[in-house]
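2 protein chains.
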Amino acid sequence: MEQIDRRVRRTKKSLEEALIALALEKEYGEITIQEITDRADIGYRTFFRHYSDKDELLKEVLNSTMLELRELMAPPPLEYFIDPNIDAADLTDGAILFWHVQENSDLYRVLLFSDRTIIQPLEAFAIQEFKANYGSLLETDIPFDIIANHMVSAMITLLRWWLDNDMALSPEVMGEYSFRLIAQPIRETFLQALSK
Amino acid sequence: MEQIDRRVRRTKKSLEEALIALALEKEYGEITIQEITDRADIGYRTFFRHYSDKDELLKEVLNSTMLELRELMAPPPLEYFIDPNIDAADLTDGAILFWHVQENSDLYRVLLFSDRTIIQPLEAFAIQEFKANYGSLLETDIPFDIIANHMVSAMITLLRWWLDNDMALSPEVMGEYSFRLIAQPIRETFLQALSK
DNA sequence: TGCACTATGGCATACTATGCGCCATAATTA
DNA sequence: TAATTATGGCGCATAGTATGCCATAGTGCA
Numbered sequence: 001m002e003q004i005d006r007r008v009r010r011t012k013k014s015l016e017e018a019l020i021a022l023a024l025e026k027e028y029g030e031i032t033i034q035e036i037t038d039r040a041d042i043g044y045r046t047f048f049r050h051y052s053d054k055d056e057l058l059k060e061v062l063n064s065t066m067l068e069l070r071e072l073m074a075p076p077p078l079e080y081f082i083d084p085n086i087d088a089a090d091l092t093d094g095a096i097l098f099w100h101v102q103e104n105s106d107l108y109r110v111l112l113f114s115d116r117t118i119i120q121p122l123e124a125f126a127i128q129e130f131k132a133n134y135g136s137l138l139e140t141d142i143p144f145d146i147i148a149n150h151m152v153s154a155m156i157t158l159l160r161w162w163l164d165n166d167m168a169l170s171p172e173v174m175g176e177y178s179f180r181l182i183a184q185p186i187r188e189t190f191l192q193a194l195s196k
Numbered sequence: 197m198e199q200i201d202r203r204v205r206r207t208k209k210s211l212e213e214a215l216i217a218l219a220l221e222k223e224y225g226e227i228t229i230q231e232i233t234d235r236a237d238i239g240y241r242t243f244f245r246h247y248s249d250k251d252e253l254l255k256e257v258l259n260s261t262m263l264e265l266r267e268l269m270a271p272p273p274l275e276y277f278i279d280p281n282i283d284a285a286d287l288t289d290g291a292i293l294f295w296h297v298q299e300n301s302d303l304y305r306v307l308l309f310s311d312r313t314i315i316q317p318l319e320a321f322a323i324q325e326f327k328a329n330y331g332s333l334l335e336t337d338i339p340f341d342i343i344a345n346h347m348v349s350a351m352i353t354l355l356r357w358w359l360d361n362d363m364a365l366s367p368e369v370m371g372e373y374s375f376r377l378i379a380q381p382i383r384e385t386f387l388q389a390l391s392k
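Going down the list, the sequences are from chains A and B.
The first sequence maps to residues 1 to 196 in my numbering.
The second sequence maps to residues 197 to 392 in my numbering.
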C-alpha cells in the first residue's frame, strides 16, 4: 500500500503537480511529456518508469477525486424523484455536486475539458450507476438508457458552463437550475410511469 | 467557384471519401494522413498541396452538411416555446433535426464523435443562433447562456445516443423525447417569465 | 554508520508521423 | 500541339514518443 521509497513518492508527486499546472495553462492534448518533466524538474527518462502514457498519469491524478465522486453519487435519494410534493425550492441536494466540484475545481477543470478518452469512463460509470439505482425500479415509456445518458451529460454540460464562468453563481442556485432543467422533466416521466 | 482542373477535383474527392470511410472504421484521432492517402491512392505529398491539416480536410467534408444544418436551425418557431396550448404530441417539428441527421448519418457519425475542436465551432454557432433568436425576446430568471448551452448540448447527446443505437427509434419518437426532456422545461421557464 | 539496493539522470538510439523542397512525369486546358 | 499545372516519388528536417545502457546519487535496512 505504502510507497516505500521516498524518491518515487517525490517523483510522482512532482509529475502530477506539473500536469495539473500545465493543464490549467493549455489544452491537455497539447502538453508534451517533455514539458511535464521539465516543469517537474524530473528526467524525461524517469517518466516512463512510472507511467506508460500521458493518459495514465492523468488517470492517476484524477483517481482519488473520481472515487469521491462515486461516493457522492452512491446514496440515491429516491424521494427526490418520485415524491410529487417535493418542490424545487426545498431541494438543496442538487447543490451537493456543485459544492464538491467547487472544492476540487482545479481538478475538474482538467477533467471536464480533457479528451473524450478521459471523461468517457467516468461518464459511463455515472450512467451505469444511475441506471442501477433507478432503472429497475421504474418503468418509463422513454428508454431508460436515454434518460440516464441525458441526465449525466446534461449535468456535465452545466458543470462545464459553471467552471467556464468562474463559478460566479452559488452551488445552491446551480443546484436549483439543474433541478428545473434536468431533474424535473425526468421526474415527471417517473411520475407518469407511476400513475399508470 | 468551379474547380477548373479535373485532377484537383478527383484528388480532393478521393481524399474526402477516404477520410469518411476510415472515420467510420476507427477513431478520427487515430487516422494518419498516410492512411488517408493510401486509401485514396493519392501521393502522400499531394495531401499537403490541398490541405494544411487533417482537420482542414474534415472541415471541408463537413462543410456542406453544416450549412444545411444552419438553415435547419434558421426558421425559429417561436410559438413552439411560448404557446401554452401546444401539446408535445402535436409537435412534429422536433423530428426535423432527426430526419436530417438520418439522411446524412455517415457524416454525422463522423462529426458527433470527432474531436472537440471539430464539433465546438458548430456547437458555438448553434448556441449563438439560439440566443440570437430567443434571448432578446424573453427575460428568464435562469441565465439565457445556461439555457442555450443546455439545449444545444443536450440535443447533441440525444443525437449521439440515437446514432450509437443505429437509429432504431423513429425520428418522430426521438423528436417527442427531445421535447419532453429538453424543450419542455425550457418552455416552462419562458412561460414563467411571460406570466410576470 | 556503512552496505546493498534501486531510483534517477543523461546519453544515445529507434520509431512514427508531420511537413516541405525538388524535379521528372503525366494530365489538362486553351 | 504547346504551355501550363497537378501529381508522384525521392529525400530531408523536425517533433514527440519510447527504450537501452550505465554511472551516480539517494534510500532503507542491518
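Heads up, the beta-carbon is just placed ideally off N, CA and C, and yes, glycines get one too.
Would you check if the distance between the CB atom of residue i and the CB atom of residue j is smaller than 9 Å?
| i | j | result |
| --- | --- | --- |
| L268(B) | H246(B) | no |
| L181(A) | A154(A) | yes |
| L211(B) | I232(B) | yes |
| L163(A) | Y177(A) | no |
| G371(B) | L307(B) | no |
| Q316(B) | M363(B) | no |
| D55(A) | D115(A) | yes |
| Y240(B) | I314(B) | no |
| N57(A) | L19(A) | The sequence as given places Leu at residue 57(A); Asn does not occur at that position. In contact: L57(A) and L19(A) (Cβ atoms closer than 9 Å). |
| R109(A) | L24(A) | yes |
| W161(A) | I342(B) | yes |
| F125(A) | R70(A) | yes |
Ends of the alpha helix (DSSP H) at residue i?
| i | result |
| --- | --- |
| L220(B) | R202 to E221 |
| G29(A) | It is not in any alpha helix (DSSP H) - G29(A) carries neither H nor E in the DSSP assignment. |
| E56(A) | K54 to M73 |
| P339(B) | No alpha helix (DSSP H) holds P339(B); DSSP gives it neither H nor E. |
| G135(A) | No alpha helix (DSSP H) contains G135(A), which DSSP labels as neither H nor E. |
| G371(B) | P367 to S374 |
| I382(B) | Q380 to L390 |
| D106(A) | S105 to L112 |
| A322(B) | R312 to F326 |
| Y240(B) | Y240 to H246 |
Can you name, in chain order, every residue of its own chain whose Cβ lies under 7 Å from the Cβ of residue i, other than the five neighbours on each side?
| i | result |
| --- | --- |
| I142(A) | T189 |
| P381(B) | none |
| F326(B) | A344, M347 and V348 |
| F340(B) | K327 and G331 |
| I127(A) | A148, N149 and V152 |
| N104(A) | T65 |
| P367(B) | A291, F294, W295 and Q298 |
| K208(B) | H246 |
| Q230(B) | Y240 |
Tell me which residues share the same chain as residue i and place their Cβ nearer than 6 Å to its Cβ, disregarding the 5 neighbours each side in the sequence.
| i | result |
| --- | --- |
| H202(A) | What is shown of chain A runs 1 to 196, which leaves residue 202(A) out entirely. |
| G94(A) | G175, S178 and F179 |
| L156(B) | The structure shown has nothing for residue 156(B), since chain B only spans 197 to 392. |
| I31(A) | L22 |
| F309(B) | none |
| F243(B) | I229 and T233 |
| A379(B) | none |
Can you name, in chain order, every residue of its own chain whose Cβ lies under 8 Å from the Cβ of residue i, other than the five neighbours on each side?
| i | result |
| --- | --- |
| E319(B) | V348, S349 and I352 |
| M1(A) | Unreliable positioning characterises M1(A) in this predicted model, as indicated by a pLDDT of 46, which lies under 50. A coordinate reading is not provided. |
| N237(B) | It should be noted that the sequence gives Asp, not Asn, for residue 237(B). If we look at D237(B) and ignore the five residues flanking it on each side, its Cβ neighbours are S210. |
| V189(B) | Chain B is shown from 197 up to 392; residue 189(B) falls before or after that span and cannot be answered. |
| R206(B) | none |
| R235(B) | A214, A217 and L218 |
| T140(A) | I147, T189, F190, Q192 and A193 |
Against chain B: residues of the stretch 151-170 of chain A by CB proximity under 7 Å = S153, A154, T157, L158 and W161
Within 9 Å of chain A by C-beta, residues of the stretch 376-390 of chain B in sequence order = R376, L377, I378, Q380, P381, I382, E384 and T385
query = Which residues, taken in chain order from the stretch 293-318 of chain B, show a beta carbon closer than 7 Å to some beta carbon of chain A?
reply = none
query = Any residues in the stretch 19-33 of chain A with a beta carbon nearer than 7 Å to a beta carbon of chain B? Which ones, in chain order?
reply = none
ask   = Of the residues that make up the stretch 244-272 of chain B, which ones have a beta carbon closer than 9 Å to any beta carbon in chain A?
value = none
message = Tell me which residues of the stretch 132-144 of chain A have at least one Cβ-Cβ distance to chain B shorter than 7 Å, keeping chain order.
response = I142
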